[in-house]
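K.L.:
Just so you know, the sequences run in chain order A and B. Count the first sequence with the working numbering and you get residues 21 to 274, in order. Count the second sequence with the working numbering and you get residues 786 to 1100, in order.
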Amino acid sequence: MFLRLFALLALLTGPVAAEEVVLGMSQNRVAITANFDGSEILLFGAVKRETSIQDSPPLEVVIAVSGPLQPVTVRKKSKKLGIWVNTESVDVDYAPSFYAIATSAPFDDVMSHVDDLRYRVSIPRMIRSVGAPMDVQNAQRFSDAVLRIRTNNGLYQMLEGTVDIDQQTLFRTSIAMPANLTEGDYPTRIFLTRGGKVISHYETIIDVRKVGLERWLYNLSREQPLVYGILSLAIAIFAGWGASAAFQVLRRGG
Amino acid sequence: MLHCVTLTVSMQIYLPIAEVSVNAFLLLGLGGIVGILSGMFGVGGGFLMTPLLFFIGIPPAVAVATEANQIVASSFSGVLAHLKRKTVDLKMGVVLLIGGLAGAALGVFVFNYLKSLGQVDLLVKLCYVVFLGVIGGLMFIESLNAIRKSRKNGPPTKRKNHNWIHGLPFKMRFRVSGLYISVIPPLIVGLFVGVLAAIMGVGGGFIMVPAMIYLLGMPTKVVVGTSLFQIIFVTAFTTLLHATTNYTVDMALAVLLLVGGVIGAQIGTRIGTRLKAEQLRILLALMVLVVCGKLALDLLLMPTELYSLGAAGGH
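(1) Along the alpha helix (DSSP H) that carries Thr-1054/B, what are the first and last residues, could you check?
(2) Note down, in chain order, each residue of its chain lying with its Cβ closer than 8 Å to the Cβ of His-221/A, except the 5 sequence neighbours on either side.
(3) Verify the CB distance criterion: does Lys-100/A have a CB-CB separation below 7 Å to chain B?
(4) Is the CB of Ala-779/B under 7 Å away from at least one CB in chain A?
(5) Using three-state DSSP, classify Gly-1098/B as helix, strand or coil.
(6) Could you please tell me which residues of the segment 1054-1082 of chain B, in chain order, have their CB closer than 7 Å to any CB of chain A?
(7) Measure the CB-CB distance between Thr-93/A and Ser-109/A and report whether it falls below 7 Å.
(8) Could you pull out every residue in the same chain whose Cβ sits closer than 7 Å to the Cβ of Ile-920/B, ignoring the five residues on either side in sequence?
(9) Measure the C-alpha to C-alpha separation of Lys-943/B and Gln-855/B and round it to an integer number of angstroms.
(10) Any contact of the segment 1030-1046 of chain B with the segment 903-911 of chain B, i.e. 3+ C-beta pairs under 8 Å?
(11) Give me the Cα-Cα distance between Val-857/B and Leu-201/A, rounded to the nearest whole angstrom.
(12) Would the segment 885-898 of chain B and the segment 972-985 of chain B be scored as touching if the rule is three or more Cβ pairs under 8 Å?
(13) Beta strand (DSSP E) containing Ala-122/A: first to last residue?
(14) Residues in the segment 37-69 of chain A with C-beta within 9 Å of chain B's C-beta atoms, listed in sequence order?
(15) Look at the alpha carbon of Leu-929/B and the alpha carbon of Ala-199/A, and state the distance between them as a whole number of angstroms.
(16) Name the chain A residues whose beta carbon is nearer than 7 Å to that of Tyr-1032/B?
(17) The alpha helix (DSSP H) spanning Gly-1130/B covers which residue range?
(18) Looking at chain A, is there any beta carbon in it that lies within less than 7 Å of the beta carbon of Tyr-913/B?
(19) Could one say the Cβ of Leu-31/A lies closer than 7 Å to chain B's Cβ atoms, at least one of them?
(20) CA-CA distance, Asp-135/A and Gln-90/A?
(21) Quick one: residues in its chain with C-beta nearer than 6 Å to the C-beta of Ala-84/A, no 5 flanking neighbours on either side, listed in chain order?
(22) When you compare the CB of Thr-942/B with every CB in chain A, is at least one pair closer than 7 Å?
(23) When you compare only the Cα positions, how much space is there between Ser-132/A and Met-178/A?
(24) Identify which residue in Met-45/A, Gly-44/A and Asn-55/A has its Cα closest to the Cα of Arg-235/A.
(25) Kindly confirm or deny that the segment 1070-1088 of chain B and the segment 910-925 of chain B touch, where touching means at least three C-beta pairs closer than 8 Å.
(26) Is Val-1008/B closer than 7 Å to Val-1019/B when the C-beta atoms are compared?
(27) Since Asp-874/B and Val-961/B should fall inside the 8 Å C-beta cutoff, what is the C-beta to C-beta distance between them, to a whole number of angstroms?
(28) Got a sec, what are the start and stop residues for the alpha helix (DSSP H) Phe-861/B sits in?
(29) Could you tell me whether the segment 216-232 of chain A touches the segment 820-835 of chain B, using the rule of 3 or more Cβ pairs below 8 Å?
(30) Buried or exposed: which applies to Leu-137/A, given that a residue is buried once 16 or more other Cβ atoms fall within 10 Å of its Cβ?
(31) Which of helix, strand or coil does DSSP assign to Glu-1063/B?
(32) With DSSP as the reference, label Gly-232/A as helix, strand or coil.
(33) Among the residues of its own chain, which have a CB less than 8 Å from the CB of Cys-1077/B, if the five just before and after it don't count?
(34) Report yes or no: is there a C-beta of chain A within less than 7 Å of the C-beta of Thr-1043/B?
(35) Quick one: what does DSSP say Met-146/A is sitting in, helix, strand or coil?
(36) Which residue wins for smallest C-alpha separation from Ala-159/A, given the options Ile-195/A, Asp-111/A and Gln-244/A?
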């Protein structure tokens, strides 16, 4: 009797757990090597459920991959003495260096405004600016500029309708990450929604790192800048001297 | 039905410090072209390379610092050759160098201060527009006159050796140059060139060589060697300052430009010997003016994007 009540309670309170995400990824690491030219990540998964498939409202999937959140200084140019110079600036507290959202249908259909606010999913929700100076009018325009510039650079991507769902159970999408990525942990979130409401979400991390020589050079330049500077001079001098010496040998030989 | 097959040889390289991905052949090519030009005209090429790096999307701060590093490399074999031929006035070189080191420090200080204000791109570009405009214009006029004169076969104009500089105190004897002059003018020339090296990522030969000939009255045969001697130390110092304060020296970028540059310079030297000096000068002047015009237009025309993003925390 008690057991039955328990089961009933679980059913009533727990529709959230009824459908869960099981995720696979083609890679959970992106290595920035010397010839890094962007990377395409394939994300695929399945919906694990205890109950039979519910037909309406249909199951939708939203996948959001975010780069590290960083503060950004946004500067605006205006014309002074005939030339265009930076005149105003606003520090945006944080904005992701990269952000891609893939959905199975138009964003407004798959996620309600309330849940978007709650989970901070859409791109404008990820950009936060509170400390705009009082003398700057329209601080919102500066946040919009972050969105616009990064969208134009392929760093912010809204990929509506690119998640394929099969039998309301299997889903897959691919996200192209551009060449100008920032290093760091890329939190990746998958939301299952029905009728605009999030019924389950899952979070994992894609690790984006410089590797090998790239990593070594970058770290050296930050941790031992003097050594790095001397090394770059030494390499430059050696290369310059070596190349001209090689040419002299060639000329004598020819 | 039309089938279109495009074969793209993509050789992108990710620059670790600039944090952009650029085509390696583009960099080798740029290095090569500027190398050819510098071989043809006997100029350092920094003042052409740095703006070209802006145009392909390298952040100006990285372009300036990396170019300083590259100038060290491209002047090294030149300095060795001049030292061997004894065409370097070491004493004058050291005086110019003292001014240059102070200038480079001052230049990096100004550079970093304006960087924190978000105005460094403007500073660098304005400097380029002014200097390229003045130098290109003067060169153009002078070479036009030279061509006209060579047609008329008129006598070459003589330059004055005695001027106000001989009235200044702190005189010093420079035996190699055969001069007995005050150390103040060479110190100031060195200082000025040092500032330019730090802000513009150039060697400054295009300012220093005329200043040494016309202002200090040095004999032409020691001018190039002595200026190279000063340039190599000043740009090396500038590189170290940028590397330690701004972290903007990109080794991978420098090496690629260098490889192209050294090969280009060898080709350029051979082309240069086959062309007339006046024609060469006019070509170089035109090229300098074109680069200047492009930079000026960028400043004068309304940009398509008024906003720009930068890393925060520079205050």
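Beta carbons: idealized from backbone N, C-alpha and C, even for Gly. Note that the structure is a prediction, hence the values are computed from the model and not measured.
P.N.:
The relevant details are as follows:
(1) 1036-1059
(2) Val-41, Tyr-139, Arg-209, Ile-210, Phe-211 and Leu-212
(3) no
(4) The structure shown has nothing for residue 779/B, since chain B only spans 786 to 1100.
(5) Note on Gly-1098/B: pLDDT 45, under 50, position unreliable in the model; the coordinate value appears next. Reduced to three states, the DSSP call for Gly-1098/B is coil.
(6) none
(7) yes
(8) Phe-991 and Val-1073
(9) Residue placement at Lys-943/B is poorly supported in this model, since its pLDDT is 48, which falls under 50; the coordinates still yield a value, given next. A straight line joining the alpha-carbon of Lys-943/B with that of Gln-855/B spans about 37 Å.
(10) Flag = no, the segment 1030-1046 of chain B and the segment 903-911 of chain B do not touch.
(11) 31 Å
(12) yes
(13) 119-123
(14) Ile-52, Thr-53, Ala-54, Asn-55, Phe-56, Asp-57 and Gly-58
(15) 47 Å
(16) Ser-241, Arg-242 and Pro-245
(17) One cannot answer for residue 1130/B here, as it falls past the ends of chain B, which runs 786 to 1100.
(18) no
(19) Its pLDDT being 43, under 50, Leu-31/A is placed unreliably in this model, and the value from its coordinates should be taken loosely. Contact with chain B is absent for Leu-31/A, since none of that chain's Cβ atoms lies less than 7 Å from the residue's Cβ.
(20) 24 Å
(21) Ile-121, Val-141 and Arg-209
(22) Because the pLDDT of Thr-942/B is 49, which lies under 50, any placement of that residue in the model is unreliable, and the question is left without a value.
(23) 16 Å
(24) The shortest C-alpha separation from Arg-235/A is found at Asn-55/A.
(25) yes
(26) no
(27) 4 Å
(28) 845-869
(29) no
(30) exposed
(31) helix
(32) helix
(33) Within the same chain, Cys-1077/B has close Cβ partners Tyr-913, Val-914, Leu-917, Gly-918 and Gly-921.
(34) One detail in the question is off: residue 1043/B reads as Leu in this sequence, not Thr. Chain A contact via Cβ: present.
(35) helix
(36) Closest option to Ala-159/A, Cα to Cα, is Asp-111/A.
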